[in-house]
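Have a look at the structure below before the remarks.
2 protein chains.
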Amino acid sequence: MALPSGPVTTSSEAEAALFDLVDVYDRAYEAAAAELSLSPAQACVLGRLDERRGMGALAEELGCDASNITQIVARLETLGLVTREPDPRDRRARLVARTPRGDEINHRFATAFTFARTAVGRLSPDEQDQLTALLRKALG
Amino acid sequence: MALPSGPVTTSSEAEAALFDLVDVYDRAYEAAAAELSLSPAQACVLGRLDERRGMGALAEELGCDASNITQIVARLETLGLVTREPDPRDRRARLVARTPRGDEINHRFATAFTFARTAVGRLSPDEQDQLTALLRKALG
DNA sequence: CAGGTTTACTTGATTGAATCAAGGATCATT
DNA sequence: AATGATCCTTGATTCAATCAAGTAAACCTG
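Heads up: the protein sequence lines correspond to chains E and Y, in order. First residue of the first sequence: 1439, per the working numbering; consecutive thereafter. First residue of the second sequence: 1439, per the working numbering; consecutive thereafter.
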């Protein structure tokens, strides 16, 4: 389990609530991945393959080094959750896609990661809209 | 940089907003730690030493194995940010405390990690209260 | 179209987080 | 005094992440 991000000194109730949210969210994500014997990074990459795409696109979207993606995709490939095929249009590139089993695992992960769904579900539709608006404003 | 936690399939605006918040928060935390040449885990542990405490207490609070704490505290000690002294009441135990330099680095970290402060600061006092209430309700 | 550059990815090396199993030392109980 | 629990460390292992270097293919440019 990754250590929590914070708190430092929470000077306000709202900051503390934000921290609690992030903490619980991250832990739930990790726990859901663990249920399927995936690391958070593996679950993350698998979840971004609704359409086949290149390694570089993944690296850019996830904001990490390409070699990190190489490594994670290689493990997903070993697990039989992903294929890595040469791009017919550019033979330098590799197109990564989920296998049927990858689809299934990804779906089970989405089912297991109930936190966001459950949390939002505790709010009425109006409250959900308020929360969205407040978070968007807070995010600037 | 740790890969983001999500998204899987965000079925609602509110869920997407939660994910964005968590993503930006985590990245900001990591970036603030990096400014001080700390890992997120090191910043986290350092931030929990406002009072001296035992290794076990840290492990329990952070929800990880004691040996993980041993490792992280050892690095903080090497960096001169923390001391690890025998507990006079229980010679099995070690009391971890920040050094003056640890205090300074921790303070600089708290200054560098502006995200929560800034985000909350974009909201009026009323909105902050609303956000707090909504998050608390969502957290159940 | 030949040469040099950029792009896409891989490899290898290194650091660190995290977990587990096992062990030493101390405490606590009987 | 012996037993067992507690606190922490050590060693081994796995994985994430980053960096430096390298290969191969694509892209220019003259």
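Ideal Cβ placement from N, Cα and C applies to all residues, glycine included.
- Of all alpha-carbon atoms in E:Gly1492, E:Glu1451 and E:Ala1454, the one lying nearest the alpha-carbon of E:Asp1525 is that of E:Gly1492.
- Ranked by how close their Cα comes to the Cα of E:Glu1489, the residues E:Leu1441, E:Gly1501, E:Ala1576 and E:Arg1536 have E:Arg1536 in first place.
- Among the residues of chain E, those whose CB is under 9 Å from the CB of Y:Leu1577 are Ala1455, Asp1458, Leu1459, Val1462, Ala1557 and Arg1560, following chain order.
- Shown here for E:Gly1485: same chain residues with a beta carbon closer than 8 Å to its own, the five before and five after excluded, namely Asn1544, Phe1547 and Ala1548 in chain order.
- For E:Thr1556, the uninterrupted alpha helix (DSSP H) run begins and ends at Phe1553 to Gly1559, by DSSP.
- Among the residues facing chain E, Y:Ser1443 is included, as its CB has a counterpart in that chain under 8 Å away.
- Among the bridge pairs identified by DSSP, E:Ala1535 is matched with E:Thr1521.
- Its chain contains Phe1457, Val1460, Asp1461 and Asp1464 as the residues whose beta carbon lies nearer than 8 Å to that of Y:Ser1443, once the 5 sequence neighbours on both sides are disregarded; these appear in chain order.
- The three-state secondary structure of Y:Asp1503, taken from DSSP, is coil.
- One finds nothing in chain E with a Cβ atom closer than 8 Å to the Cβ of Y:Gly1540; even the nearest lies about 13 Å away.
- The beta carbon of E:Leu1474 lies closer than 8 Å to those of Ala1481, Ile1543, Arg1546, Phe1547 and Ala1550 in the same chain, with the five residues before and after it left out.
- For Y:Thr1570, the chain E residues whose Cβ falls inside 7 Å of its Cβ are Glu1451, Ala1452 and Ala1455, in order along the chain.
- Boundaries of the alpha helix (DSSP H) harbouring Y:Pro1563: Pro1563 to Leu1577, taken from the DSSP string.
- Think of a sphere of 7 Å around the beta carbon of E:Glu1489: no beta carbon from chain Y falls inside it, the nearest being about 13 Å out.
- In the structure shown, Y:Arg1529 falls within a strand segment according to DSSP collapsed to helix, strand and coil.
- The Cβ-Cβ distance between E:Glu1523 and E:Arg1532 falls below 8 Å.
- Under DSSP, E:Gly1492 takes part in a beta bridge, and its partners are E:Leu1533.
- DSSP places Y:Pro1478 in the uninterrupted alpha helix (DSSP H) bounded by Pro1478 to Leu1484.
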